[in-house]
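Student: Protein chains in written order, with the working numbering: chain A, 36 to 638; chain B, 36 to 638.
Note that beta-carbon positions come from the ideal geometry of N, C-alpha and C, so glycine has one too.
Number of protein chains: 2
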Amino acid sequence: MHPPLRGFLRRCHEQFVTDDSGAVADYIPELTRANPGHFGVSLATIDGYVYEVGDSASPFTIQSISKAFVFALALETLGHERVESVIGVEPSGEAFNSIRLTGDNKPFNPMVNAGAIACSGLIHQHEGDGAFDVIHRMLGRFAGRELDVDEAVFASERATGDRNRAIAWLLRNYSVLRDDVDAVLDVYFRQCAVLVTARDLAVMAATLANNGCNPLTGDQIVSPYVVARTLSVMTSSGMYDYAGEWIYRVGIPAKSGVGGGIIAALPAQLGLGTFSPRLDSHGNSVRGLKVCEALSAHFGLHLLNRSDDVRTCIIRDYNAAAVPSRRNRPTFELKILQQHASAIRVIELVGALSFAVMDYVSRRLAGAAPQAALLILDFRRVPSATTAASRLFEEALAGLAADGATIIVAGFEKESRLGQAIFGEDIVLPKLRHFLLLDDAIEWAEDQLIYRYGGFEGLAKTIHLSEQELLARLTSDELDYITAIGVARSFKTGDRIIAAGEPADSLFFLQSGMVSVKLPSGARLASISPGMAFGEMALIERERSADVWADTMVQCLELPLSAYATFRKSHPETGELIMRNLASLLSKRLMLANAKVNLLSAY
Amino acid sequence: MHPPLRGFLRRCHEQFVTDDSGAVADYIPELTRANPGHFGVSLATIDGYVYEVGDSASPFTIQSISKAFVFALALETLGHERVESVIGVEPSGEAFNSIRLTGDNKPFNPMVNAGAIACSGLIHQHEGDGAFDVIHRMLGRFAGRELDVDEAVFASERATGDRNRAIAWLLRNYSVLRDDVDAVLDVYFRQCAVLVTARDLAVMAATLANNGCNPLTGDQIVSPYVVARTLSVMTSSGMYDYAGEWIYRVGIPAKSGVGGGIIAALPAQLGLGTFSPRLDSHGNSVRGLKVCEALSAHFGLHLLNRSDDVRTCIIRDYNAAAVPSRRNRPTFELKILQQHASAIRVIELVGALSFAVMDYVSRRLAGAAPQAALLILDFRRVPSATTAASRLFEEALAGLAADGATIIVAGFEKESRLGQAIFGEDIVLPKLRHFLLLDDAIEWAEDQLIYRYGGFEGLAKTIHLSEQELLARLTSDELDYITAIGVARSFKTGDRIIAAGEPADSLFFLQSGMVSVKLPSGARLASISPGMAFGEMALIERERSADVWADTMVQCLELPLSAYATFRKSHPETGELIMRNLASLLSKRLMLANAKVNLLSAY
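1) Any beta carbon of chain A sitting closer than 9 Å to that of B/N319?
2) Can you pull out the residues from the region 331-348 of chain B whose beta carbon lies closer than 9 Å to at least one beta carbon of chain A?
3) How should B/Y659 be labelled, buried or exposed, when 16 other C-beta atoms within 10 angstroms of its C-beta is the threshold for buried?
4) Using three-state DSSP, classify B/H317 as helix, strand or coil.
5) At a Cβ cut of 7 Å, what residues of the region 297-309 of chain B count as close to chain A, listed as they run along the chain?
6) Run down chain B in chain order and give the residues with a C-beta less than 7 Å from the C-beta of A/R46.
7) Excluding the 5 residues flanking A/L560 on each side, which residues of the same chain have their C-beta closer than 7 Å to its C-beta?
8) May I ask you to check if the CB of A/L206 is nearer than 8 Å to at least one heavy atom of the ligand HEM?
9) How big is the Cα-Cα spacing for A/R508 and A/P565?
10) With DSSP run on the structure shown, which of helix, strand or coil describes A/D352?
11) Does the Cβ of A/W204 have 16 or more other Cβ atoms within 10 Å, making it buried, or fewer, making it exposed?
12) On the DSSP bridge list, what partners appear for B/T309?
13) Going along chain B, which residues have a C-beta under 7 Å from A/I81?
14) Can you check DSSP and say which residues form a bridge with A/K640?
15) Looking only at DSSP bridge pairs, what is B/I533 linked to?
16) Quick check: the Cα distance between A/A241 and A/I152, rounded to an integer number of angstroms?
17) Identify the continuous alpha helix (DSSP H) that holds A/Y599 and give its terminal residues.
18) At which residues does the alpha helix (DSSP H) containing B/L505 begin and terminate?
19) Which ranges would you report for the alpha helix (DSSP H) in the region 182-221 of chain B if only whole runs of at least 4 residues count?
20) Looking at chain B, is there any beta carbon in it that lies within less than 9 Å of the beta carbon of A/F43?
21) Buried or exposed: where does B/A387 fall if 16 or more other Cβ atoms within 10 Å of its Cβ makes it buried?
22) With the cut-off set at 9 Å, would you say A/V392 and A/A424 are in Cβ contact?
23) Return no unless some Cβ of chain A is closer than 9 Å to the Cβ of B/E368.
24) Is the beta carbon of B/S397 less than 9 Å from the beta carbon of B/F428?
25) Indicate whether at least one CB of chain A lies closer than 9 Å to the CB of B/S272.
26) Taking the alpha-carbon positions, what's the A/L338 to A/I287 distance?
27) Going by alpha carbons, who is nearest to B/E571 out of B/D586, B/D215, B/L596?
28) Check each candidate in B/A539, B/C154, B/C47 and name the one with the smallest Cα separation from B/V19.
29) Quick check: what's the CA-CA separation for A/G175 versus A/A107?
30) Do B/N148 and B/R198 have their beta-carbon atoms positioned less than 9 Å apart in this structure?
31) If you reduce the DSSP assignment to three classes, tell me which class B/K370 lands in.
32) Any idea which residues DSSP pairs B/Q546 with across the strands?
33) Are B/G308 and B/A244 touching if we call contact CB-CB under 9 Å?
34) Rounded to whole angstroms, what is the Cα-Cα separation between B/I411 and B/Q374?
35) List, in chain order, every chain B residue whose beta-carbon is nearer than 7 Å to that of A/D394.
36) Using CA atoms only, rank isn't needed, just tell me which of A/T80, A/M614, A/L400 is closest to B/S342.
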């Protein structure tokens with residue numbers, strides 16, 4: 036099986052290759068030498084995969100397509116105020132090589148020759164003699180490889196470019212150009228003569244579609260601001276006097292060149308590059324247009340054809356009474372949580388956070404704030420957040436904190452892209468706690484409640500064996516017997532009491548302090564409080580399956596299995612009772628685990 | 036705590052209400068009577084929530100904003116070919132009331148007066164005398180309420196509308212209008228005099244942003260195709276000769292009217308409506324523009340500023356050897372699955388499926404097809420799929436089926452919107468199975484493997500008690516004793532063997548056939564095969580916690596607890612052994628459940 040998009044592009048190529056209408060550009064002699072039969076199509080995805088069909092590796096000159104990238108470069112290096120002060124952004128309503136300027140003597144937009152020459156002039160003013168090298172390098176970064184220049188085409192353009200020369204002198208007359216006109220024109224002619232392939236154009240377009248980051252190289256070339264403005268002028272003026280029809284019919288920002296190339300960049304979706312030298316009366320590649328139209332129509336890709344259901348962004352919304360942390364807590368803690376854990380509200384989000392999504396989340400939070408003293412937001416299924424989402428989130432948190440809520444976020448690393456979006460430097464978050472794992476966040480919130488309601492006093496006292504669940508319903512004689520054959524043990528914080536892989540030849544009754552059951556990797560399986568046993572699986576297994584560590588000073592009674600065997604011989608029914616207590620404990624844990632599986636697998 | 040967006044809109048209102056620049060429209064006398072101090076802002080979300088600030092409930096005439104909706108109505112009722120044959124879609128480069136037509140005598144676009152009058156003419160041609168009523172009703176559906184008409188403004192427009200009369204007669208000269216010119220103009224003047232509020236405009240815009248479905252009423256008013264084309268002409272021509280700047284600076288499709296209103300519709304995000312009667316030299320509301328600019332800039336909402344990481348769409352990718360179904364299978368089935376279950380590949384998707392996302396998924400599938408005889412795709416976290424995604428999915432499935440794979444989809448109802456998108460009528464899916472629940476899908480796939488590798492033979496034979504896990508390591512004498520005190524029972528398909536809530540006074544050893552453990556709600560907890568016990572929790576619990584149903588003809592041995600008590604008395608150590616076997620079984624199930632919790636909560 037091949038990816039279906041490959042098949043679609045092949046069918047497009049097969050269908051449109053038979054269209055021989057249009058004519059190769061002839062306004063400079065060198066361009067007429069193009070092979071009119073060439074036809075290449077390439078589509079680059081925003082995750083960096085490139086489809087190629089036909090003559091996708093044939094080089095041709097980039098021509099006017101360079102205008103979009105040089106405009107982006109000017110915005111990026113000189114800032115938008117400088118650029119916008121000399122170049123407009125309105126469609127001109129005239130041909131691309133018109134010499135007419137706006138009422139205040141600016142080129143109409145950067146996609147007509149006057150605007151593009153002004154752009155090259157800005158770069159020249161900034162970089163001097165190195166201007167073309169800077170442009171050349173930047174075009175190469177967009178394509179993900181070093182690009183050649185067709186010196187013959189350059190020479191041909193320079194030799195015949197009198198109209199552009201006229202435009203340049205007019206721009207200099209109005210101080211739009213301030214440098215040597217010939218030097219600026221050399222930069223402009225040479226940038227138009229850069230050699231690209233359909234594949235290069237696809238990657239360049241995908242870089243625009245990917246917010247300025249080349250999806251093959253990971254190189255962030257221009258900012259998202261610059262990308263949006265570049266795509267804007269492509270949208271309003273990229274296809275000459277066919278721009279209105281283009282947005283109406285195809286709805287994908289695009290730019291064409293008389294060399295026969297077209298780029299089309301659909302934000303967050305794809306970059307398309309086509310090459311076929313025969314042009315229509317507007318100067319756009321005939322077959323290239325058809326590929327763009329077919330792609331948009333077949334897949335419904337029009338930019339303005341979008342919908343969303345924001346309500347799906349909250350995948351789970353529950354409280355910690357329903358889904359407690361994994362900590363196995365003693366009865367006195369469980370009692371506190373039974374009464375109060377509904378104050379811990381957990382909201383698990385899913386999908387990219389946009390303006391609309393975060394506004395919806397903020398309204399859900401606003402509706403429920405008074406009841407939620409501790410609010411946990413889980414982001415582990417959230418790949419990204421837009422600026423809008425970060426802004427709304429920051430303000431929602433400020434409002435919640437003002438209402439006295441504690442906010443806990445979980446499910447991402449602070450250093451990740453999402454973390455940066457949420458903890459961005461200009462964002463001040465009051466009363467905010469961060470945990471990598473949701474379970475740790477819930478446990479911390481539970482501890483807050485237990486602390487608030489006095490539960491930690493329980494940890495200090497020593498628990499008698501009669502309170503051990505595993506020894507429930509034993510007589511006091513039997514308990515005394517077990518105490519007698521057991522060994523009192525003390526551990527200090529950080530001691531490893533049990534090691535995975537060792538023979539399981541004893542069990543422990545925890546009397547004071549806390550221990551954690553962990554995998555050798557460090558992942559915590561459970562926390563044990565006084566009144567609970569650990570290593571109790573020794574009753575049915577021969578080897579320790581996990582480590583047990585002392586989290587605090589610990590006192591416990593260790594019961595060696597050898598001594599217990601003697602006890603069982605003399606008390607066979609008590610042996611069965613203890614095994615039954617173990618089965619009961621396991622059954623309870625299984626019920627909890629199954630409830631959790633049900634909850635988790637519901638989404 | 037209030038939603039932060041409310042605060043933002045209030046701050047906008049507070050800031051811009053002090054701006055007294057611009058002037059109330061005076062081209063018709065009635066409009067000059069507007070209160071220049073009025074300022075209303077409203078934002079409607081695509082989930083149907085409406086924010087309102089200031090004079091958001093003050094009525095004013097819709098004027099040119101009606102053009103967008105009447106164009107949409109014309110496209111919807113007459114079809115795009117008819118409409119596009121008489122009205123262009125290129126920016127005119129001239130004032131909104133220009134009388135100039137294109138080279139082939141069409142209005143430039145539906146946002147200038149000529150194009151809008153042509154639209155009203157098309158509706159009139161189709162609806163006759165009822166034309167205005169149809170337009171009026173449709174505007175009301177967009178706003179979600181019945182709208183009034185300002186008869187004084189209508190009369191004033193009609194009395195002074197000589198320029199529009201000239202345009203209309205010119206259109207009739209070129210047969211763009213074919214009906215009575217005065218009747219068409221009455222429709223046009225009256226549609227401009229429909230009274231709306233900023234809130235109405237917000238809802239109307241949100242309906243465009245929500246693919247033509249009013250988010251308050253759920254009314255699907257026009258098709259997504261019509262919405263995309265309407266937003267296209269708003270993008271290229273909606274803000275008069277400020278359109279290029281508008282897409283560049285604000286990047287949200289918009290339309291303004293001389294009554295002081297502006298609508299802005301950002302697809303899949305929001306609809307904005309503003310009202311402030313003072314206009315700038317382009318004819319756009321001064322304060323309204325500022326609100327749009329502030330909203331776009333503060334939240335980075337530019338239409339072309341988008342990014343995505345498609346790789347996050349696959350949230351889990353595993354095989355059924357790692358995550359089997361919940362069916363508790365007998366050893367001989369487990370052996371088959373151990374060997375073969377890696378042929379069942381499960382891919383769980385998350386988030387809306389777009390072109391880029393589904394292309395990525397299709398490449399992942401293409402890469403792994405040969406190994407995956409049974410491929411399960413889980414959609415439970417997928418809210419929607421675009422046309423593009425459906426198309427790519429359909430073709431990917433055809434390719435996989437041609438390679439011999441069986442595809443199983445789960446996690447949605449066939450009748451749901453997603454189901455319709457995936458099972459759309461024009462989509463023919465070979466070798467496709469559908470299950471609502473992922474677990475059922477995995478179980479079905481496991482059954483296919485067991486069937487393929489001969490495992491179902493096992494079901495036919497009768498299992499001796501010695502193969503019962505609960506009775507492992509009992510001597511043959513002890514087994515004979517248990518056989519003697521047990522009662523052989525037979526059930527037929529559909530019988531309820533155990534009912535939740537009844538006293539738990541016996542346990543069952545399944546010898547042939549299949550039973551299911553279910554909650555009274557019908558949700559299945561487990562399936563039991565020969566060699567396994569059920570109702571075995573009677574050993575530690577007093578009451579049945581679930582129903583058990585016979586899925587097939589069933590033969591089993593029921594062991595009454597009363598008889599078992601006698602056995603335990605005489606065999607106390609065997610009693611402990613059986614309890615230990617139970618603890619072992621529970622421990623194994625707990626380990627499986629915990630592994631599942633770990634896997635599920637990783638995402």
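Tutor: Reading it off the structure:
1) Locating residue 319 of chain B in the second sequence gives position 284, where the first residue counts as 1. Not one chain A Cβ lies under 9 Å of B/N319.
2) H333, F334, G335, L336, H337, L338, L339, N340, R341, S342, D343, D344, V345, R346, T347, C348
3) With chain B running from 36 to 638 in the structure shown, residue 659 of chain B is simply not present.
4) On the second sequence, residue 317 of chain B is found 282 positions in, with the first residue counted as 1. Of the three classes helix, strand and coil, the one that applies to B/H317 here is coil, per DSSP.
5) P302, A303, Q304, L305
6) Taking the first sequence and counting its residues from 1, one reaches residue 46 of chain A at position 11. The contacting residues do not exist; A/R46 stays about 11 Å from chain B at best.
7) Counting from one through the first sequence, the residue named residue 560 of chain A turns up at place 525. Taken in chain order, the residues that qualify are V552, K553, L554, A581.
8) The ligand HEM is absent from the structure shown, which contains no ligands of any kind.
9) The residue given as residue 508 of chain A occupies position 473 in the first sequence. The residue given as residue 565 of chain A occupies position 530 in the first sequence. Those two C-alpha atoms are separated by around 18 Å.
10) Taking the first residue of the first sequence as position 1, residue 352 of chain A is located at position 317. DSSP places A/D352 in strand when its eight states are reduced to three.
11) Start at 1 with the first residue of the first sequence, and residue 204 of chain A comes out as number 169. Under this definition A/W204 is an exposed residue.
12) The count along the second sequence starts at 1 and reaches residue 309 of chain B at position 274. Paired residue(s): B/V76, B/I297.
13) Position 46 of the first sequence holds residue 81 of chain A. Chain B residues near A/I81: D343, V345, A391.
14) No information on residue 640 of chain A is available, as it lies outside the stretch 36 to 638 that chain A covers here.
15) Start at 1 with the first residue of the second sequence, and residue 533 of chain B comes out as number 498. According to DSSP, which records beta bridges pairwise, B/I533 is partnered with B/V583.
16) Mapped onto the first sequence, residue 241 of chain A falls at position 206. Mapped onto the first sequence, residue 152 of chain A falls at position 117. Distance between the alpha carbons of A/A241 and A/I152 is about 25 Å.
17) Working through the first sequence from its first residue, we reach residue 599 of chain A at position 564. Here the alpha helix (DSSP H) through A/Y599 covers 596-605.
18) Position 470 of the second sequence, counted from the start, is the residue given in the question as residue 505 of chain B. That residue, B/L505, is in no alpha helix (DSSP H); it is neither H nor E in DSSP.
19) 186-195, 197-208
20) Position 8 of the first sequence, counting from 1, holds the residue named residue 43 of chain A. Yes, contact with chain B.
21) Here residue 387 of chain B refers to the residue found at position 352 when the second sequence is read from its first residue. So B/A387 ends up on the buried side.
22) The residue you call residue 392 of chain A lines up with position 357 of the first sequence. The residue you call residue 424 of chain A lines up with position 389 of the first sequence. Yes, the Cβ-Cβ distance between A/V392 and A/A424 is below 9 Å.
23) Residue numbering aside, residue 368 of chain B sits at position 333 when the second sequence is read from its first letter. No, B/E368 does not count as interfacial toward chain A.
24) For the purposes of this step, residue 397 of chain B is taken as residue 362 along the second sequence, with counting starting at 1. For the purposes of this step, residue 428 of chain B is taken as residue 393 along the second sequence, with counting starting at 1. Contact flag set, yes.
25) The residue you call residue 272 of chain B lines up with position 237 of the second sequence. Taking Cβ atoms only, chain A reaches closer than 9 Å to B/S272, which makes this a yes.
26) Taking the first residue of the first sequence as position 1, residue 338 of chain A is located at position 303. Taking the first residue of the first sequence as position 1, residue 287 of chain A is located at position 252. Answer to the nearest angstrom: the Cα atoms are 6 Å apart.
27) If you number the second sequence from 1, residue 571 of chain B lands on position 536. Residue B/L596 is the option with its Cα nearest to B/E571.
28) Here chain B has residues from 36 to 638 only, and residue 19 of chain B is not among them.
29) The sequence position of residue 175 of chain A within the first sequence is 140, counting from 1. The sequence position of residue 107 of chain A within the first sequence is 72, counting from 1. Looking at the two C-alpha atoms, the distance is approximately 14 Å.
30) Counting from 1 along the second sequence, the entry for residue 198 of chain B is found at position 163. Counting from 1 along the second sequence, the entry for residue 148 of chain B is found at position 113. Result yes, Cβ atoms of B/R198 and B/N148 sit closer than 9 Å.
31) Stepping through the second sequence from its first residue, residue 370 of chain B is reached at position 335. Note: B/K370 maps to helix in three-state DSSP.
32) Locating residue 546 of chain B in the second sequence gives position 511, counting from the first residue. Per DSSP, none; premise fails for B/Q546.
33) Counting from 1 along the second sequence, the entry for residue 308 of chain B is found at position 273. Counting from 1 along the second sequence, the entry for residue 244 of chain B is found at position 209. It is not a contact, given that the beta carbons lie outside the stated cut-off.
34) For the purposes of this step, residue 411 of chain B is identified with residue 376 of the second sequence, where counting begins at 1. For the purposes of this step, residue 374 of chain B is identified with residue 339 of the second sequence, where counting begins at 1. So the alpha carbons of these two residues sit roughly 19 Å apart.
35) For this step, residue 394 of chain A is matched to residue 359 along the first sequence. Chain B residues near A/D394: P38, L40, T80.
36) Translated into the one-based positions of the second sequence, residue 342 of chain B becomes position 307. Ranking A/T80, A/M614, A/L400 by Cα distance to B/S342 puts A/T80 first.
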